[in-house]
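Heads up: the sequence shown runs through residues 69 to 170, numbered per our numbering. Note that beta-carbon positions come from the ideal geometry of N, C-alpha and C, so glycine has one too. So the structure is just underneath, and the comments pick up after that.
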Amino acid sequence: MNRGSSSEIADLKWIFYTCISKEIAILAKFNSVDPGLQTLALKCLEKAPVLHWMFSHTIRERTYTFLLDEPHLFLYFGIFDEKIERSEALWFLNRVKESSSA
69 MNRGSSSEIA DLKWIFYTCI SKEIAILAKF NSVDPGLQTL ALKCLEKAPV
119 LHWMFSHTIR ERTYTFLLDE PHLFLYFGIF DEKIERSEAL WFLNRVKESS
169 SA
């Protein structure tokens, strides 16, 4: 999906799930595809890498991206279609972070 800029994700159908959590408590979420993603997200949050401010992993055509807001210990997490570049997924989670702290 290289469009020359990661300033926006043009097609939201590539965002399957996103949430804001504190530890494993989900404070806000968006689920566009599958109700089963909630269970998967909880498993991912339980195993979130705590030593990295950002982590991304692609498996089975999905990219799982974590963004940690260290001072407040909020975790922004998303499940994206692998067509989304990692930089775009990180940009999106940063926008969610900015929106939620405004």
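#1: Give me the Cα-Cα distance between T133 and S89, rounded to the nearest whole angstrom.
#2: With a threshold of 16 other CB atoms inside 10 Å of the CB of L95, please say whether the residue is buried or exposed.
#3: Determine whether the beta carbon atoms of E153 and T126 lie at a separation below 8 angstroms.
#4: In the DSSP assignment, the beta strand (DSSP E) including S155 goes from what residue to what residue?
#5: Roughly how many angstroms separate the alpha carbons of M122 and Q106, rounded to a whole number?
According to the data block:
#1: Roughly 13 angstroms separates the two Cα atoms.
#2: Counting every other CB atom within 10 Å of its CB across the protein chains shown gives L95 a total below 16, marking it as exposed.
#3: Not closer than 8 angstroms, so no.
#4: First-last for S155: 154-169, but that is the alpha helix (DSSP H), not the beta strand (DSSP E).
#5: Looking at the two C-alpha atoms, the distance is approximately 21 angstroms.
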